[in-house]
Every structure is written in C-alpha cells, then in structure tokens.
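For what it's worth, this note's numbering labels the leading residue of the sequence shown as 1, then goes sequentially.
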Amino acid sequence: MGRVKLRLHGSEMLASLNLHESYDVYTDSLWTSLFTIVGNEKAEPVTNIDYLMISQKFLRTDILKSAEKNIKSGKGDYLVVDMLNTAYAKMIEINNQLYTMSPVFLKSQYFKINKSNARYHDCLYMDFNEIKPYFDAYINMIKKYYSSDRIILVRTCYPEYYVYGNQIRPWNVSGNRREKINDMVKLLENYFIKALNPYVIGCVRYYYGGFDAKKGLFAANYEEECKNAVKRSIRYIINKKPASKVIYGYPLIRKYQRFGKFYDSILFFHEENLFINPKSFTDNLILKLNRRLILRYAEKFAEIRRDEPKSIDELLEREKLPIDLRTALLLIKAVEKKNYLNKMLPYERIFTDKLNIRNDILDDVRIYFSKFDNFDTNSVTMKNLQEYFDLMRLFMFENYNEICRLGYEKYEMNKNISTVKKFSLAKQNTVSEPKKEHNYYEAARYLILKQSEDFTEADFWGSAFGSEILDKL
C-alpha cells in the first residue's frame with residue numbers, strides 16, 4: 001500500500017505543516033483564496049499566458065481557474081482545507097472574474113495588460129451575498145470528488161499574541177481588523193461545515209502565532225506546538241476514522257504544560273481563559289499555584305482533572321501528593337478560609353514560591369489594617385505585602401514585643417544624623433532616645449511619641465499602630 005495522498009486548499013499554514021514528510025501532497029491550489037480558484041463560467045477565458053504564470057503553480061491555478069482540472073489529475077485520498085487566507089485576502093476583479101491579489105499576480109503579464117480594467121475588493125468588507133456564489137461554486141466542485149469523511153477542515157483564527165521563547169507578546173495589529181478576520185473565518189467555516197459535514201480540527205484556537213526569523217510575523221504562521229497538534233489530528237483522522245467529526249487534539253497534559261511554560265506572560269496579559277475552564281475546580285486550583293509546580297506536575301493535574309474533586313480536602317484525602325504540592329494546597333486552603341493563625345503552616349512560602357494567591361492576601365491585609373486610625377491602606381502594595389502580612393499575624397497573635405522589635409529595627413534603619421539633631425533641638429525631654437541595648441519597648445514608646453514629618457517611619461509606626469500598642473507597653 002502506497003503513501004496516503006493529501007490535497008491542500010487554503011493558506012500558508014497548511015504548507016508550513018510539512019505534511020510531505022509523511023504523505024504525498026498536492027499544493028497547486030495553496031496561497032490563494034478559495035473564491036478565485038473556481039472561475040465564473042460567464043467570464044471571458046484567459047488567453048494571455050506568460051512564463052511567470054506557468055512557473056508558479058498556484059498562480060496558474062488562480063489565473064486559469066484550473067482547481068477542478070488539478071483534482072482530476074491528482075485527486076488525493078483526503079482534502080485538507082482552511083479558511084484563513086480566504087477570509088482576509090484582497091482580490092482583483094478583471095472581466096467579471098476574481099483573482100487573488102498576490103505579489104506574484106501583480107507582476108504577471110496578464111495583470112499588466114488588464115490593469116486599467118481592474119477593480120479591487122477586500123473580502124472583509126464585502127457582503128456575504130457578494131461572495132456566496134463563488135463559495136457555492138467551490139463547495140459544489142468539492143462535493144463531486146470528495147465524500148464528507150474525506151474532507152478535513154482545519155479551523156483557524158488570527159492570533160492576538162505570538163510566541164517568543166517562553167513568553168507571549170501582543171501582535172501589533174489593529175484589533176478591529178483582527179476581529180473582522182476572525183468573524184469572517186468563523187462565518188466561512190460554519191457555512192462550509194453545514195454544506196459538507198467534514199472532519200473538523202478545532203485545536204488551533206488554543207495556540208498563539210509563531211515568529212519566523214526570516215519572514216517575521218504573518219497571520220498564517222503559528223507556533224510549532226500548534227503545527228504538531230494539527231499534524232497529530234490529521235494522522236488520527238486518517239488512521240482511526242473516528243465516529244466524532246470534531247477533533248480537538250489538545251490533551252489536558254499539553255494544555256497544562258503550555259500554561260506553565262507561558263505562565264508569567266499569561267497572567268500579565270490576562271490570558272488565563274485560554275487555558276482555564278472557570279467551571280473546573282482543578283483548573284481554578286492550578287491558577288493559584290506557580291510556574292514551577294504547574295510544569296512539574298502537569299501530568300498529575302491531568303489525572304486529577306479526569307476524576308475531578310470538589311474541594312482541596314477531598315483532593316488531599318484521595319491523592320498521595322508530593323510534599324511541596326501538598327504544602328501549596330494547604331496554604332491555598334488557609335488563604336481561602338482566611339486562616340492566618342496556623343503555626344504549623346509556612347506562610348512565608350506564599351511569597352518565596354510566588355503562589356498566585358497574593359492578591360487575595362493583599363485584600364485581607366488592607367481590610368485588617370483599615371480599622372487602625374490614620375492608616376492609609378493604599379500604602380500596602382505587592383512590593384511590601386509580606387512585611388505587612390507578617391505584621392498582621394503578629395497583631396492577631398498579640399505578639400506586641402515582636403511588633404516593638406520591628407518598630408525599633410525600622411527606627412535604626414531609617415534614622416539619620418539630621419533627624420536625630422532635629423529631635424535633640426526640639427528639647428522634648430519627656431522621652432529619651434532609645435539606647436544601644438535595643439530596649440524594644442522603649443524604642444516603640446519613643447517612636448510613638450516622637451511624631452515628625454521628617455521621619456516618616458516614626459510617623460507611620462506611631463500614628464498607625466501607636467494606639468494599638470501604647471497601652472500594652
């Protein structure tokens with residue numbers, strides 16, 4: 001038995017899959033709009049053919065409208081098609097015939113001869129009823145040669161981000177144009193599916209664009225992982241002939257691995273919804289972890305997701321988890337329950353391991369300190385959150401000695417000669433400056449009573465926390 005033969009219709013994305021490594025591939029109808037490879041029968045036939053037309057297969061198909069002739073000469077076992085190029089391609093109308101406005105077409109002798117009669121169209125701004133006759137002509141041609149189980153549609157989209165190393169970066173393209181392209185792609189795909197009931201590969205929308213070192217960025221280029229996923233899906237359809245016509249080809253383990261790989265960028269650009277199902281307990285739990293844990297235990301998370309627990313307690317009881325993952329889950333549970341008094345939990349790991357629950361802690365800390373007089377809760381930021389979190393826990397435990405010690409450290413850290421001189425010149429003898437032996441109570445009392453606009457830390461510790469601890473000293 002010989003190799004399976006594939007005929008490709010659509011964008012450069014299909015060409016980039018390198019399917020020729022595993023199959024015999026016909027590419028004479030790629031890089032052109034599907035509207036222009038099947039001609040208008042009422043239009044005048046093309047008679048001016050130059051060498052450039054003949055040397056470029058896809059240009060020859062476009063100008064001579066020879067897609068059907070190509071199929072007859074090499075049908076292939078399967079037709080693989082996508083709509084991306086068709087959705088955003090600009091077209092030229094000459095003598096009631098549409099052509100794809102490619103750089104090669106613009107150099108052709110045929111265009112130069114007929115340039116004065118040319119009319120220009122952008123598919124994105126055409127009414128669907130204008131292009132429907134051309135699309136119907138293409139679909140009717142396909143019906144004559146391929147049954148529904150021999151047609152594979154690869155759903156595509158214009159990505160908003162592209163991959164650069166382990167990061168994703170925004171694609172600098174007009175958001176309105178991207179939305180128009182994606183809307184048109186979806187419209188064409190849905191019409192095609194309704195008419196032909198093909199196999200549908202739906203994994204592309206979960207991936208980002210790719211960066212080509214030579215060509216830069218272009219709509220039909222996707223990251224390598226996306227290309228591999230599409231190739232796996234095509235192979236699965238050909239080998240297994242599944243009953244379900246929709247193939248996603250996006251295993252959970254790969255989703256979690258990709259989430260871990262691009263974790264920092266995903267959170268920065270708020271792209272979590274591409275990976276996280278808000279209705280899934282496991283997915284929401286993973287979102288609260290960190291990059292290292294997600295990458296390390298992606299396979300374990302995929303197993304957990306298949307038999308999803310309803311709570312962290314159920315998960316901890318059911319699964320024997322590694323100590324670092326178990327600790328992270330216990331910390332997440334503590335923050336969810338607002339339990340900050342468990343002396344057995346290493347709360348500092350929330351910050352050292354950068355668990356994605358610090359925003360919840362930020363809110364809790366601000367709420368806790370909002371009851372203190374003269375305390376600006378906006379002064380608590382992500383940068384100093386751990387310091388305030390530790391201080392909050394000290395107040396919860398009523399550990400005033402430690403609070404005073406921290407106050408003295410603040411004093412020692414921030415005082416300077418000019419400040420000390422100002423204090424001495426004030427001649428306020430009611431309280432003496434703390435001595436070198438680190439008498440924390442005395443230091444705290446000093447900082448509370450010595451209010452000064454020039455000594456912000458003294459003002460902070462005094463006015464904010466003074467009323468809370470002064471009567472304890």
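Glycine included, C-beta positions come from ideal geometry on N, C-alpha and C. Being a predicted model, the structure only gives us computed values, none of them experimental.
Report yes if the CB atom of residue i is closer than 8 Å to the CB atom of residue j, and no otherwise.
i       : j       : result
Val-230 : Val-154 : yes
Ser-11  : Leu-84  : yes
Lys-90  : Asp-136 : no
Thr-100 : Thr-32  : yes
Ala-67  : Ile-181 : no
Gln-537 : Leu-295 : In this structure the chain extends from 1 to 473, so residue 537 is not present and cannot be described.
Ile-253 : Glu-189 : no
Leu-477 : Leu-329 : Residue 477 is absent from the structure shown; the chain starts at 1 and stops at 473.
Tyr-138 : Val-38  : yes
Glu-308 : Thr-282 : yes
Ser-108 : Asn-70  : no
Between residue i and residue j, how many whole angstroms is the CB-CB distance? I'm expecting something under 8 Å.
i       : j       : result
Asn-221 : Gly-202 : About 19 Å; that fails the 8 Å criterion.
Glu-5   : Tyr-23  : Just to set this straight, residue 5 is Lys in the shown sequence, not Glu. Contact flag correct, Cβ pair sits at about 7 Å.
Thr-156 : Val-204 : 5 Å
Ile-152 : Ile-237 : 6 Å
Tyr-162 : Phe-211 : 5 Å
Phe-259 : Phe-275 : 4 Å
Ile-92  : Tyr-120 : 6 Å
Arg-7   : Gly-76  : 4 Å
Leu-474 : Lys-227 : Summary: the structure shown does not reach residue 474, with the chain confined to residues 1 through 473, and so no result is reported for it.
Thr-79  : His-9   : Strictly speaking, residue 79 in this sequence is Leu, with Thr absent from that position. Indeed they touch by this definition, with Cβ atoms about 7 Å apart.
Leu-325 : Tyr-297 : 6 Å
Could you please give the first and the last residue of the uninterrupted alpha helix (DSSP H) stretch that includes residue i?
i       : result
Leu-394 : 385 to 396
Thr-352 : 349 to 352
Val-335 : 323 to 336
Gln-109 : 109 to 114
Val-365 : 358 to 369
Leu-64  : 57 to 64
Ile-294 : 291 to 296
Leu-315 : 312 to 318
Between residue i and residue j, what straight-line distance do the alpha-carbon atoms span, to the nearest angstrom?
i       : j       : result
Arg-291 : Glu-160 : 22 Å
Asn-416 : Pro-278 : With a pLDDT of only 44 at Asn-416, under 50, the local geometry of the prediction cannot be trusted, and the value read off the model is given with reservation. Distance between the alpha carbons of Asn-416 and Pro-278 is about 52 Å.
Ile-350 : Leu-331 : 7 Å
Pro-170 : Ile-367 : 35 Å
Tyr-146 : Val-104 : 30 Å
Met-13  : Phe-375 : 58 Å
Leu-59  : Leu-34  : 13 Å
Ala-118 : Ile-63  : 14 Å
Ile-312 : Asn-384 : 29 Å
Asn-429 : Lys-343 : Model confidence at Asn-429 stands at a pLDDT of 39, short of 50, so the residue's coordinates are unreliable and nothing is read from them.
Phe-128 : Lys-186 : 12 Å
Leu-355 : Ile-286 : 10 Å
Thr-377 : Ile-234 : 56 Å
Val-46  : Asn-96  : 12 Å
Ser-418 : Asp-360 : Reliability of the predicted coordinates at Ser-418 is poor, the pLDDT of 38 falling under 50, and the value obtained from them is presented with this limitation in mind. Distance between the alpha carbons of Ser-418 and Asp-360 is about 40 Å.
Phe-111 : Ser-102 : 11 Å
Asp-390 : Glu-303 : 36 Å
Lys-337 : Phe-397 : 17 Å
Tyr-263 : Tyr-388 : 27 Å
Ala-334 : Leu-362 : 14 Å
Ile-266 : Tyr-164 : 13 Å
Leu-510 : Lys-255 : A query on residue 510 cannot be resolved here, the shown segment of the chain reaching from 1 to 473 and no further.
Met-382 : Pro-322 : 29 Å
Residue range of the beta strand (DSSP E) that residue i falls in?
i       : result
Leu-287 : No beta strand (DSSP E) holds Leu-287; the alpha helix (DSSP H) holding it covers 281 to 287.
Met-91  : 90 to 94
Asp-24  : 24 to 30
Lys-69  : Unbroken run through Lys-69 is the alpha helix (DSSP H), 67 to 73; no beta strand (DSSP E).
Lys-5   : 5 to 10
Leu-79  : 78 to 81
Tyr-162 : 161 to 164
Thr-100 : 97 to 100
Ile-168 : 167 to 170
Task: Those runs of the alpha helix (DSSP H) which lie wholly inside the stretch 202 to 277 and span at least 4 residues - done: For the stretch 202 to 277, whole alpha helix (DSSP H) runs of length 4 or above, ordered along the chain, are 224 to 240, 252 to 261, 263 to 268.
Task: Length at least 3, wholly inside the stretch 108 to 157: the beta strand (DSSP E) runs in chain order - done: List check, beta strand (DSSP E) in window: 119 to 122, 151 to 154.
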